[in-house]
Amino acid sequence: MLELQNIYKTFEDRTVLADISLSVPKGATHALIGSSGSGKTTLLRITLGLIPFDRGYVKVNDQPLLSFSPVEWAARIGYVPQEGGLFPHIMGYHNVSLIAKLRGWEKSKIAERVEELRKLVDLEANVLTRFPHEMSGGQKQRVAIMRAAMMDPSVMLLDEPMAALDPLIRHSLQQELKAIFKRLGKTVLIVTHDLGEAVFLAERITLLHEGRIIQSGTYKELLRQPADPYVTLFINAQRTVPDASEIV
Amino acid sequence: MKKCLVAAVLLAWLLPLDALAANTIVVGSKVFTEGYILGEIAAQSIESASSVPVERKLGMGSTGILFEALTTGAIDLYADYTGTLSEAILKQPDLKSVADIQLALAKINLVISAPLGFDDTYALAVKESFAEKHDLHTISDLARVASDIKAGFSYEFMDRKDGYTRLAERYHLVLAPQKVNRMEHSLSFQAIDDGAVDLIDTYSTDAKIKKSKLRVLQDDRGFFPVYQAVWVARKAFVDAHPREWQALLQLEGTISADAMIDMNSQADIQKWSYARIAARFLGSEAPRSQSLQSNILRRTREHLWLVGMALLFSVLAGIPLGVAAARFHAAGQAILIASAVIQTVPSLALLCFLIPLLGVGTKPALAALCMYSLLPVVLNTFTGVRNVNPQHAENARAFGLTPRQVFFRIVLPLASPTVLAGIKTATIVSIGTATLAALIGAGGYGAPIISGLSLNDVPTILTGAIPAAFMALVAYGVFEILDLLLIPTGLRKRR
């Protein structure tokens, strides 16, 4: 499980995160949502151990981030950057296996694990021999998930997993991602500005605004019992296309 | 593994050059015809008397460079003139006799032979026809026509202590200043042939005196010092190689002025090779002539050595400097500015600065080349590293790569196309610049170019210039292959 407890972060005099707490139980999928400037990217970088924070705890399975070296921490959190973030100079296979190789895994063990993950994300084998610029958006995303899952981390962290995909692919990949998460059985935190993505992929949603948590709950709760007018405002703002009943 | 093997083979081919040097006698020479011939005569005399290999570093430059080379051990011996030794090197113009000069040179561990037989002094010469017309026989006679005579004097004659200024004092000779032209010595014969000038300075054994039908004016007041040719050698060489030195001493008093003028003319006018002229003089077979191929092969080695070492340095120093420049802003600007400033120093000037620090020969040439090849590598590394998307580095850290792994696995490979382009530029520039290294006796393709220029001999120039151009082409090709090997495929296909 992933826990953030009372996280505070200031840049110079500006408070960018105040009293952030959220908890994702083992195997659950949670979405951290907010518009740009809400502090969600800062929280993501804190969770990854990339930048220091002022107060609070980040814990995976009750073990705090600060008790680990960066390398040890990275083994606990599998990260899928925006648009996959694959390294452009190496093939798909080597993107997936890079860390395992650096940790001294044997070739056969690496090959086995890659094959296992490839089946899990349902990727054609020949995609792994391509370079990132030769892959489609959906293929990149799958390879990136394989890379994040390679070392079998407890938690997966995804940054805007659908942002760069066209709407039709988005829709089908959303379904598949959900299935993949289920099969992986990992604790998943998705950071996104897209309510649709959050609602579809995650059981629970945390809405972040100006560095504070406005509300945490299911979509239904946010919709029916908004803790703040901003919640309704945010939800309505994301419904950009009118439905049939609204068209006269 | 394969790369290591290729590197090892290349090194093995290049290395003996310097490894052998310890057991080799190195003969130098000044960069004019007579110097080359005497150098070749010395080399062949030693070769016929002994089995110690002789390396010819002929045409190294002017007096200062030869002397520097001799004192630093870059060469073992060369031919010079008593007047030059006392005036330009010992700076004691009063030393006239060979014995006095010998004594003074002993203090700096140098040894000279007795005179070889001819006197190659400075002289003033006019056209035979001009002399007839004005009835000129001596330098004193010039006073009669001084006001409207046009002179073409070499830079060295104008500048040195026993040159034009003192001569004018001694003879009370007043030439119109606007009619005294400074010109490259080799051009003054052309100028007097064309009638552009009436009076030139020359050497008394110059082959062109006969060819251009000049009259040498008699030095009736004994102004010019005596310039008797002698061998000058390091004491250490004389001690270590008595037999070889003895072979050189046997030439004392054997080269007459006429013989020297003939040999000069064989070189300048008949275009014989120095080796052939020397062999003919020594009455021996022309030595198994250094064939064109073996000559070019040797120059190629020297040139490759210079370029290769400079390149190795520019890579080993330039890449870290470029990375440092990209990482640390203030230091970065300092590094970039410093390497750019070095680039603006003219190469000849840089070589001159380096002589007092590093002497002559390969060392200063290498130092200069290293400095010149630095900027492209530093600048391209800087640009390449700067242009790597910082998101890739941050992602890599998030995946648990150590800073070292982030740099070597991600940043450097992503920057590699730009870095490699910088190394390519540095190589091609070095191949060109390395031809100047011959000016301070480092050999390479520059040697035939310079000796060809001094003789106005285009074929000789081409034996240096064509291989240099060819080497640049080959280097370009090699880098195309290196691009394939070193630049990650994922980056290459995108271009």
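Chains D and Z supply the protein sequences, listed in that same order.
First residue of the first sequence? That's 7 in the working numbering, and the numbers climb one at a time after it.
First residue of the second sequence? That's -10 in the working numbering, and the numbers climb one at a time after it.
Ideal Cβ placement from N, Cα and C applies to all residues, glycine included.
Per-residue contacts from residue i into chain D (C-beta, under 8 Å)
i, result
"P477 (chain Z)", "H95, I96"
"L363 (chain Z)", "Within 8 Å Cβ-Cβ: nothing; L363 (chain Z) doesn't reach chain D, min ~26 Å."
Where residue i sits in the DSSP three-state scheme
i, result
"A10 (chain Z)", "With a pLDDT of 47 at A10 (chain Z), under the threshold of 50, the modelled position of this residue cannot be trusted; read the value that follows with caution. The answer is helix: DSSP assigns A10 (chain Z) an H, G or I state."
"N12 (chain D)", "strand"
"L163 (chain D)", "strand"
"H199 (chain D)", "coil"
"Q69 (chain D)", "strand"
"M49 (chain Z)", "strand"
"E209 (chain D)", "coil"
"H126 (chain Z)", "coil"
"W79 (chain D)", "helix"
"R2 (chain D)", "Outside the modelled stretch of chain D, which goes from 7 to 254, sits residue 2 (chain D), for which no answer is possible."
"V194 (chain D)", "strand"
"S86 (chain Z)", "coil"
"D109 (chain Z)", "coil"
"S273 (chain Z)", "coil"
"D195 (chain Z)", "coil"
"F342 (chain Z)", "helix"
"Q81 (chain Z)", "coil"
"S18 (chain Z)", "strand"
"L171 (chain D)", "coil"
"F115 (chain Z)", "Reading the sequence as shown, one finds Val at residue 115 (chain Z) and not Phe. Correct three-state label for V115 (chain Z): strand."
"I219 (chain D)", "strand"
"S29 (chain D)", "strand"
"V100 (chain Z)", "strand"
"R210 (chain Z)", "coil"
Chain Z residues whose Cβ lies nearer than 8 Å to that of residue i
i, result
"Q105 (chain D)", "In the sequence as presented, Gln is not what sits at residue 105 (chain D); that position holds Ile. Result: F388, G389, L390."
"P167 (chain D)", "Within 8 Å Cβ-Cβ: nothing; P167 (chain D) doesn't reach chain Z, min ~14 Å."
"P260 (chain D)", "What is shown of chain D runs 7 to 254, which leaves residue 260 (chain D) out entirely."
"L179 (chain D)", "Within chain Z, no residue comes near L179 (chain D); the closest Cβ sits about 21 Å away, beyond 8 Å."
Contact list for residue i against chain D, beta-carbon separation under 7 Å
i, result
"I399 (chain Z)", "F93"
"Q394 (chain Z)", "L108"
Partners in chain Z for residue i, counting only beta-carbon separations shorter than 7 Å
i, result
"L201 (chain D)", "Those within 7 Å of L201 (chain D) in chain Z number zero; the least Cβ separation is about 25 Å."
Min CB distance residue i to chain A below 9 Å
i, result
"R153 (chain D)", "The question asks about chain A, but that chain is absent: this structure's protein chains are D and Z."
### the segment 185 to 205 of chain D in contact with the segment 28 to 47 of chain D per 3-pair CB rule at 8 Å
yes
### Message
Closer than 7 Å between beta carbons: that is the criterion. Which residues of the segment 55 to 85 of chain D meet it against chain Z?
### Response
L56, P76, V77, A80, A81, Y85
### Query
Which residues, in order along the segment 97 to 131 of chain D, keep a beta-carbon less than 8 Å from a beta-carbon of chain Z?
M97, L104, I105, L108
#### Entry: 4 or more residues per run - each alpha helix (DSSP H) lying fully within the segment 97 to 130 of chain D
DSSP runs (the alpha helix (DSSP H)) wholly in the segment 97 to 130 of chain D: 98 to 108, 113 to 127.
### Three-pair Cβ contact test at 8 Å for the segment 309 to 328 of chain Z versus the segment 434 to 442 of chain Z
no
### Task
Pair every Cβ in the segment 174 to 192 of chain Z with every Cβ in the segment 51 to 68 of chain Z, then say whether three or more of these pairs are closer than 8 Å.
no
### Query
Hey, which unbroken runs of the alpha helix (DSSP H) at 4 residues or more fall wholly within the segment 133 to 182 of chain Z?
Positions of the alpha helix (DSSP H) runs, each at least 4 residues long and wholly inside the segment 133 to 182 of chain Z, are given as 144 to 148, 153 to 160, 174 to 182 in order along the chain.
### Task
Count the C-beta pairs between the segment 162 to 171 of chain Z and the segment 79 to 92 of chain Z that are closer than 8 Å, then say yes if the count reaches three, no if not.
No: the two stretches stay apart, fewer than three of their Cβ pairs being nearer than 8 Å.
### Message
With three or more C-beta pairs closer than 8 Å as the rule, is the segment 203 to 217 of chain D touching the segment 62 to 71 of chain D?
### Response
no
#### Entry: Cβ contact check for the segment 193 to 210 of chain Z and the segment 250 to 267 of chain Z: 3 or more pairs under 8 Å
yes
### Task
Pull out every residue of the segment 400 to 415 of chain Z whose Cβ sits closer than 7 Å to any Cβ of chain D, in chain order.
P402, L403
### Message
Restricting to runs no shorter than 4 residues, where is the alpha helix (DSSP H) found entirely within the segment 373 to 413 of chain Z?
### Response
379 to 387
### Query
Are the segment 405 to 418 of chain Z and the segment 368 to 382 of chain Z touching, with three or more C-beta to C-beta distances below 8 Å?
Yes, the segment 405 to 418 of chain Z touches the segment 368 to 382 of chain Z.
### Message
I want to know whether the segment 135 to 147 of chain Z touches the segment 228 to 240 of chain Z - three or more CB-CB distances under 8 Å.
### Response
no
### Message
In chain order, what are the residue ranges of uninterrupted alpha helix (DSSP H) at least 4 long that sit wholly in the segment 444 to 484 of chain Z?
### Response
447 to 475, 478 to 481
### Query
What are the start and end residues of each continuous alpha helix (DSSP H) run of 4 or more residues lying completely inside the segment 221 to 304 of chain Z, in chain order?
224 to 229, 231 to 238, 246 to 257, 263 to 271
### Task
Assess, as a yes-or-no matter, whether the segment 12 to 23 of chain D is touched by the segment 120 to 134 of chain D under the definition of 3 or more beta carbon pairs within less than 8 Å.
no
### Message
I want to know whether the segment 291 to 299 of chain Z touches the segment 385 to 400 of chain Z - three or more CB-CB distances under 8 Å.
### Response
No, because fewer than three Cβ pairs between the segment 291 to 299 of chain Z and the segment 385 to 400 of chain Z fall closer than 8 Å, the two stretches do not touch.
### Query
When the Cβ atoms of the segment 457 to 469 of chain Z are set against those of the segment 399 to 406 of chain Z, are three or more pairs found closer than 8 Å?
no
### Query
Three or more C-beta pairs closer than 8 Å, one from the segment 98 to 106 of chain Z and one from the segment 377 to 393 of chain Z: is that the case here?
Proximity of the segment 98 to 106 of chain Z to the segment 377 to 393 of chain Z falls short of the contact definition, fewer than three beta-carbon pairs being nearer than 8 Å.
### the segment 105 to 114 of chain Z touching the segment 234 to 246 of chain Z, judged by at least three CB pairs closer than 8 Å
yes
### Task
Could you name each continuous beta strand (DSSP E) segment of 3 residues or more that falls completely within the segment 20 to 70 of chain Z, going from the start of the chain to the end?
43 to 50, 66 to 70
### Query
How do the segment 338 to 349 of chain Z and the segment 281 to 296 of chain Z stand: do at least 3 beta-carbon pairs fall below 8 Å, yes or no?
no
### Query
Are the segment 77 to 85 of chain D and the segment 153 to 166 of chain D touching, with three or more C-beta to C-beta distances below 8 Å?
yes
### Task
Check whether the segment 13 to 21 of chain Z touches the segment 45 to 62 of chain Z, taking contact to mean three or more Cβ pairs, one atom from each stretch, closer than 8 Å.
yes
### Query
Does the segment 171 to 187 of chain D touch the segment 109 to 124 of chain D, meaning 3 or more C-beta pairs lie closer than 8 Å?
no
### Message
Ignoring anything shorter than 3 residues, give me the beta strand (DSSP E) runs that lie fully in the segment 343 to 368 of chain Z, in order along the chain.
### Response
Entirely contained in the segment 343 to 368 of chain Z, not one beta strand (DSSP E) run reaches 3 residues.
### Task
Pair every Cβ in the segment 197 to 208 of chain D with every Cβ in the segment 167 to 174 of chain D, then say whether three or more of these pairs are closer than 8 Å.
yes
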